[in-house]
Each structure stands twice: as structure tokens, then as C-alpha cells.
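Student: The listed protein sequences derive, respectively, from chains U and X.
Just so we're aligned: the first sequence equals residues 69 to 353 in the working numbering.
Just so we're aligned: the second sequence equals residues 1487 to 1757 in the working numbering.
From the three backbone atoms N, C-alpha and C, an ideal C-beta is built for every residue, glycine too.
Let me begin by handing over the structure; questions about it come next.
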Amino acid sequence: MGTKVMKRVYLVLLFSFLYVPIAIMIAFSFNSEKSRTIFGGFSFRWYEQLFRDEMVLSALALSVFIAIVSAVLATLIGTMASVGINRMGRISRSVTLNISYIPILNPEIITGVSMMLLFVVAKNGLAGLAESDVGALAWLAKNLLGIPSLLITHITFNLPYVLFMVSPKLRQMDIRLYEAALDLGCNERQAFFKVVLPEIMPAIFSAFLICLTYSIDDFTISYFTAGNRQTLPIAIYAMTRRRVSPEINALSAIIFFVILAIILVANLRERRGAYKGGRILPAGK
Amino acid sequence: MYSRSKASASPYLIWMVLFTVLPLALVVYFAFTDQAGNPTLSNITALGGYAMVFVLSLALAAIATALCLVIAYPVSYLLSRLRAGQQGILLMLVMLPMWMNFLLRTYAWMSLLERNGLINRFLGLFGIGPFEMINTNGAIVLGMVYNFLPYMILPLYNAMLKIDKNVIEAAEDLGAGTLYKFSRVVLPLSKPGIRTGLIMVFVPSVSTFIISKMLGGGDTWLIGDLIEAQFLGNTYNYNLGSAMSLVLMVVVLLIMSVMGGFDSEDMEGVI
Chain U
69 MGTKVMKRVY LVLLFSFLYV PIAIMIAFSF NSEKSRTIFG GFSFRWYEQL
119 FRDEMVLSAL ALSVFIAIVS AVLATLIGTM ASVGINRMGR ISRSVTLNIS
169 YIPILNPEII TGVSMMLLFV VAKNGLAGLA ESDVGALAWL AKNLLGIPSL
219 LITHITFNLP YVLFMVSPKL RQMDIRLYEA ALDLGCNERQ AFFKVVLPEI
269 MPAIFSAFLI CLTYSIDDFT ISYFTAGNRQ TLPIAIYAMT RRRVSPEINA
319 LSAIIFFVIL AIILVANLRE RRGAYKGGRI LPAGK
Chain X
1487 MYSRSKASAS PYLIWMVLFT VLPLALVVYF AFTDQAGNPT LSNITALGGY
1537 AMVFVLSLAL AAIATALCLV IAYPVSYLLS RLRAGQQGIL LMLVMLPMWM
1587 NFLLRTYAWM SLLERNGLIN RFLGLFGIGP FEMINTNGAI VLGMVYNFLP
1637 YMILPLYNAM LKIDKNVIEA AEDLGAGTLY KFSRVVLPLS KPGIRTGLIM
1687 VFVPSVSTFI ISKMLGGGDT WLIGDLIEAQ FLGNTYNYNL GSAMSLVLMV
1737 VVLLIMSVMG GFDSEDMEGV I
């Protein structure tokens, strides 16, 4: 069976291409030398250095903060929108969906620079409006580029994903369940919270997880809108610019194994049926 | 379904208009004004001087996209014909590297391709090389292929999964050879996946500025590097940068419309 061997070889080559660079990076994270090519011996030196690196730690903290806050808000606004568009007419619905495709289809760099323009214009406008250097407007002008702009950007690029994950579940839901709740004496509000929400909860939870990962992973858009703040990917970028920084290997290894663990757990839960909803796969671009 | 529910979409709509539509309108505004705010076409005409950068970006992205298609097509077909359990595991293995930040994935290739990097060292054992691999256009294409290959595999796989085994067997029963079976059955049925895959690889490739910076050594400029320099770099010209962004957007839109848009069903698993 020549073709069977060929198939095997082809798959082996593909997976080697995908994994050898990562495997080498992980191996070199245990290098006792600074070299990226000569393995001097086994050590945890770079891990220790990584955990003492102020820049990395504060960037990680900022990334986690932005991810959680933006994911909660995006999931909330996006879920409300999913309920809303189900009720819309054909035209307003297609307008909404088309607007939602913009951040998904636009190259990330365009999303990044366009939002940067908005924040710069808003910042200058606010500074012009503020009569003195004190007061809310002046404070906002000074602090807009940073945590506020990062939160706004991350909510913006995550919102459409929530809409596209939650609204199909609402459409699939049996409307008679909701009607039965009304017939049995629930008011609309109760019927929504007791019947509809539990039904779409898995999709909402998946959307929330997607938002978290996209937010933590984003470099390009944050790069333009972070002001002088550093999220984790921006800190990683700064490290690669310094070229020789073996800490980055240690960081890669940690990230790889954390992701592997999360995916294995998610898959196990899915297999047990506890975790339905959209398949979670990584961020685009 | 719920009486006041239409209104619950309004925060979303307001948000998207403020933070998606308005910023894009600003890009258009800045592209057609000078630094004092007067209308002008000089930003657009100035782009002529950067024509070679645009050509190079389009060419490298096209090569990378074509390579992805050639590499991914057989993989996707093989995956789609495996047993369900195997499919799940292999597909997860295809997507797993994508969860790592793409800066880290690109950095991994930096240390492999360097002049004293592992590849040159390995080749040196056999007396070959060293080769100048990093800071070349080839390294940039490699970076694009490595980073975006799964975006080609996934939509192709989704499209091929829908091809009924019986259809292929029918072609075989009716005497179709391997080539005929491929060109008349598999290829036409996988077209929606091809279109989606081409867009999903081409768009991030043509707009990257990181891959060219890290693997191209900073001497090779792509559209993304030009734009970045106008907004955060030392050239610092929002108006020119907006004009470049506008052209990039138009290029991307043109390519999407040439491809006939993409099938959102084939994006399944990505969104």
C-alpha cells in the first residue's frame, strides 16, 4: 500500500513543520546558557528570571484585567443584542449583521489605526473642551489612551463574536417553551430568565471564553490603542526586539502547557456533554 | 419573542457605530485632508511613491496563500476521510499552535533561521552552508505560511467533510481515474472552502507588519510596516497613514468581491 505510506509521511511532515519550532523553543527554555543554539545543560534559570521580571508580571496583570472586564461587558452587550436582532425586521437585521462583519473581516491593523485615530481625536477634543487642567474632562483627556481605550477596543472586537455565537442558539430554541412558560403564568421577564436564559447559557459561556482568549491573545489592535501601557503580547513584542532574551522561551513553554491543559479539560467536558455550544478554536490572524 | 426586546440591541448598535463605523469614517476623513484639516488629494497621490511596497506585499501574500493552499489541500482531504475520533484529535493538533500568540510562533522561527541558528548549524554538520535565511523575502513567506496555514486547513476540511463518501464511490464505480475524480468531483465540491481559505490567509498576510519586522530584518517594508510607521513610527503622518489604510482596505474588499465573498458556514469553528 504505497498510498497509505505516502499519507502517513505527509501527515508526519506537516505536524513536524507545525511542532518542531515550538518543541525547540520549549527545549531551550531549560537551557542553562544564554545561547539560542547551544544547549549548555538543564536549568530553571530563565523561569526564575521570568517570575522576577516586573515588566512581564505587570503586563500579565493588565492583560488579565482587560480580558475579564472586556469579556464580561462584551458578553452582556452581545447577548442583549442577540435577543434584540431576533425580533428585528429583515432590513435592520441585515444592516446589523453587516456592521458586525466589519471588525471580523477588516485587517487587524486597520481596526487598530482607525480606533487609534478616534481616541486621538477624542483626546484632543476633550482637552480643548476642558477649561482648566483639573476636572473630569481634563482627567479623561489625559487618561483616555491606556486602560479606557484598551477596554473599549477589546469590547469592540469581541462583540461580533458574541452575537454570532449566541444568536443562532436563540433561533434554534423552541419558541413553544417560552410560550408555555407564559401560559403557565410567568410574566415575560420571568419567562426570559427562567426558560430562555438557561437554554442559551452554554452558548453565552462559550462566547465569554472566546472573548477572554481573543483579548489575552490580541497584539495588533492593542499595539495601536494602548498608549504607553503594556499588555502581555506587547511585552512579548518588546522582548523579541531585544533579540537575546531566553525568558521568552520560558514564557512560551508556560503558555503552551497552560493552553494544552485548558483544551484537554474542555474536550473532556465536551465529551461528557457538560460543555456544549460553539467549538472553541483560536483567534483569527 | 419578547416585547421590548428590539430595544435590547440598541446598546450594541450604538457601540458598533461609535467604535467601528465612526473610526473608519475618520480614516476616510484623514486620508482626504492635510494636517491643517483642509481637503486635499495629496495623500493619495503621494502613494505612487510607495507602489513597489504595495506590489511586494501583494506578491509575498499571494505566494504564501498559494503555498498554504497546496500544502493544506491534501491534509484537509486526508483528515476529512478519517474515522471521526481520529479526525477530532488531528484537527485539535492542527489548531493547537494557533492558540499560542503569533509573536511567539514567529520568534521560534527567528532562532531557527539565524545565521548561527539551528538550521545552519545542522547543515554545517554536513559541510553545507551557512545560508542567509533570515532577513530574506523567503523567510517572510515562511512566517506567513507557518502562522496562517491552519486558517486554510480548517475551511477546506469543513467543506470536504460535506462531500458524501457515496459521491466519490459513485465516481469510482463509473470508472473515474484519480485525476478525473479529483478534478470533476472533489475540487468543485470543495470550492466554497477554497474561497474562504484563500481570503483567511491572504488578508492577514497582506496586512502584516510583525512578520516582516521579525523575519525580514526590518529592511523589507510591507504595507503594514508603512502604515505602522505613519502612526507609531518616526515618520508620523496620520493623513498619509490613513490614505495607505484606505487603499489597503479597498484592496482587501476587491479581493473579497473577486472571490465572491465567503461562506460563513465554512468559517464554522473559527468564529
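For G346(U), which three-state DSSP category applies?
Tutor: Residue numbering aside, residue 346(U) sits at position 278 when the first sequence is read from its first letter. For G346(U), the predicted model reports a pLDDT of 40, less than 50, meaning its position is unreliable; a value from the coordinates is still stated below. Coil, per DSSP.
Student: For chain X, is any of its Cβ atoms less than 8 Å away from the one on F83(U)?
Tutor: For the purposes of this step, residue 83(U) is taken as residue 15 along the first sequence, with counting starting at 1. For F83(U), the answer is yes, since a Cβ of chain X falls inside 8 Å of its Cβ.
Student: Note down the Cα distance separating S97(U) from A1495(X), rounded to an integer number of angstroms.
Tutor: In the first sequence, residue 97(U) corresponds to position 29, counting from 1. In the second sequence, residue 1495(X) corresponds to position 9, counting from 1. Going by the C-alpha atoms only, they are around 48 Å apart.
Student: Of all the CB atoms in chain U, is at least one closer than 8 Å to the CB of V1507(X)?
Tutor: Translated into the one-based positions of the second sequence, residue 1507(X) becomes position 21. For V1507(X), the answer is yes, since a Cβ of chain U falls inside 8 Å of its Cβ.
Student: Quick check for students: name the residue ranges of the alpha helix (DSSP H) that lie wholly in the stretch 159-221 of chain U, counting only runs of 4 or more.
Tutor: Scanning the stretch 159-221 of chain U for uninterrupted alpha helix (DSSP H) segments of 4 residues or longer gives 176-197, 204-211, listed from N- to C-terminal end.
Student: Can you look up F110(U) in the DSSP assignment and give me helix, strand or coil?
Tutor: Locating residue 110(U) in the first sequence gives position 42, where the first residue counts as 1. Note: F110(U) maps to strand in three-state DSSP.
Student: Find the nearest neighbour of M1646(X) within the set R1681(X), V1737(X), T1622(X), G1663(X), judged by alpha-carbon distance.
Tutor: Along the second sequence, read from residue 1 onward, the residue named residue 1646(X) stands at position 160. With distances taken between Cα atoms, M1646(X) lies closest to R1681(X).
Student: Out of curiosity, what's the CA-to-CA distance linking L205(U) and L194(U)?
Tutor: Along the first sequence, read from residue 1 onward, the residue named residue 205(U) stands at position 137. Along the first sequence, read from residue 1 onward, the residue named residue 194(U) stands at position 126. Our two residues, L205(U) and L194(U), have alpha carbons roughly 6 Å apart in a direct line.
Student: Would you report the Cα separation of I316(U) and Y1536(X), rounded to the nearest angstrom?
Tutor: Here residue 316(U) is taken as the residue at index 248 of the first sequence, counted from 1. Here residue 1536(X) is taken as the residue at index 50 of the second sequence, counted from 1. Near 35 Å, if we compare the C-alpha coordinates of Y1536(X) and I316(U).
Student: Taking 8 Å as the cut-off, decide whether the C-beta atoms of A1594(X) and M307(U) are in contact.
Tutor: Looking up residue 1594(X) in the second sequence gives position 108. Looking up residue 307(U) in the first sequence gives position 239. No, the Cβ-Cβ distance between A1594(X) and M307(U) is not below 8 Å.
Student: Compute the Euclidean distance between the alpha carbons of L208(U) and P216(U), then round it to the nearest angstrom.
Tutor: In the first sequence, residue 208(U) corresponds to position 140, counting from 1. In the first sequence, residue 216(U) corresponds to position 148, counting from 1. Going by the C-alpha atoms only, they are around 9 Å apart.
Student: Do we get a CB-CB distance below 8 Å when we pair M123(U) with the residues of chain X?
Tutor: Numbered from its first residue, the first sequence carries residue 123(U) at position 55. Output row for M123(U): interface = no.
Student: If you reduce the DSSP assignment to three classes, tell me which class I1757(X) lands in.
Tutor: Counting from one through the second sequence, the residue named residue 1757(X) turns up at place 271. Unreliable placement is indicated for I1757(X), whose pLDDT of 40 sits below 50; no coordinate value is reported for it.
Student: Take the Cβ of V1756(X) as the centre, count every other Cβ of all protein chains shown within 10 Å, and call the residue buried at 16 or more, exposed below.
Tutor: The sequence position of residue 1756(X) within the second sequence is 270, counting from 1. Because V1756(X) carries a pLDDT of 48, less than 50, the predicted location of this residue cannot be relied on, and the following value inherits that uncertainty. Under this definition V1756(X) is a buried residue.
Student: Could you run through the stretch 94-120 of chain U and flag, in chain order, every residue whose CB is less than 7 Å away from some CB of chain X?
Tutor: R104, T105
Student: List the residues of chain U that F1695(X) touches, going by C-beta distances under 7 Å, in chain order.
Tutor: Numbered from its first residue, the second sequence carries residue 1695(X) at position 209. Result: I177.
Student: Anyone know if the C-beta pair for P89(U) and L1598(X) falls short of 8 Å?
Tutor: For the purposes of this step, residue 89(U) is identified with residue 21 of the first sequence, where counting begins at 1. For the purposes of this step, residue 1598(X) is identified with residue 112 of the second sequence, where counting begins at 1. Yes, these two residues count as a Cβ contact at 8 Å.
Student: I need the boundaries of the alpha helix (DSSP H) containing R1591(X), first residue and last residue.
Tutor: Position 105 of the second sequence holds residue 1591(X). Residues 1588-1599.
Student: Does the stretch 247-258 of chain U touch the stretch 224-231 of chain U, meaning 3 or more C-beta pairs lie closer than 8 Å?
Tutor: no
Student: Does the stretch 1513-1533 of chain X touch the stretch 1715-1731 of chain X, meaning 3 or more C-beta pairs lie closer than 8 Å?
Tutor: By the Cβ rule, the stretch 1715-1731 of chain X counts as touching the stretch 1513-1533 of chain X, because three or more pairs are nearer than 8 Å.
Student: Could you give the residue range of the alpha helix (DSSP H) that holds I1620(X)?
Tutor: In the second sequence, counting from the first residue as 1, residue 1620(X) sits at position 134. I1620(X) -> no alpha helix (DSSP H), and no H or E assigned at all.
Student: Sorted by chain position, which residues of the same chain lie with C-beta nearer than 6 Å to L1675(X)'s C-beta, five sequence neighbours on each side aside?
Tutor: Taking the first residue of the second sequence as 1, we reach residue 1675(X) at position 189. So the qualifying residues of the chain are I1649.
Student: Which residue from L185(U), F324(U), S168(U) puts its Cα closest to that of Y1722(X)?
Tutor: Locating residue 1722(X) in the second sequence gives position 236, counting from the first residue. Per the Cα distances, L185(U).
Student: Please determine, among V77(U), V132(U), S111(U), T71(U), the residue with the shortest C-alpha to C-alpha distance to Y282(U).
Tutor: Within the first sequence, residue 282(U) is the residue found at index 214, counting from 1. Comparing Cα-Cα distances from Y282(U) to each of V77(U), V132(U), S111(U), T71(U), the minimum goes to V132(U).
Student: Sort out for me which residues DSSP pairs T1519(X) with in a bridge.
Tutor: The residue you call residue 1519(X) lines up with position 33 of the second sequence. Answer is P1525(X).
Student: Output yes or no for whether 8 Å exceeds the beta carbon distance between G1704(X) and Y1637(X).
Tutor: Here residue 1704(X) is taken as the residue at index 218 of the second sequence, counted from 1. Here residue 1637(X) is taken as the residue at index 151 of the second sequence, counted from 1. No.
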